[in-house]
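Let me begin by presenting the structure, written as structure tokens, before commenting on it.
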Amino acid sequence: MAEPAKPKRKSYVVDERVLRRAKKALGVKTDAEVIRLSVERVAEMEDFWEFMKKTQRSLRSGSLERS
185 MAEPAKPKRK SYVVDERVLR RAKKALGVKT DAEVIRLSVE RVAEMEDFWE FMKKTQRSLR
245 SGSLERS
């Protein structure tokens with residue numbers, strides 16, 4: 185099992201209006217939370233689209249269970 189990643193301090197210039205909109209959309213209170221969660225979601229979506237590309241023509245309709 186992979187060792188959990190350790191957070192690293194970074195400094196970025198970010199548009200305050202975009203940051204406020206993202207904070208509201210994600211329902212978080214701090215700038216750090218919104219940036220961390222946004223980056224995690226982008227990485228998750230990349231994994232999802234890779235899965236979609238790989239399975240595009242190999243999954244049959246109804247082959248996935250719904251929860």
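In terms of our numbering, the sequence shown has 241 at position 57, counting the first letter as 1, and numbering is strictly consecutive. The beta carbon of each residue, even a glycine, is placed where N, CA and C say it ideally should be. For clarity, every value in this text was computed on a predicted model and none was experimentally measured.
{"Query": "C-beta atoms of Val212 and Val218 nearer than 7 Å", "Result": "yes"}
{"Query": "Beta-carbon gap between Leu203 and Leu210 smaller than 7 Å", "Result": "no"}
{"Query": "Nearest candidate by alpha-carbon position, reference Tyr196, set Pro188, Asp215, Glu249, Leu248", "Result": "Asp215"}
{"Query": "Asp231 (DSSP reduced to helix, strand or coil)", "Result": "helix"}
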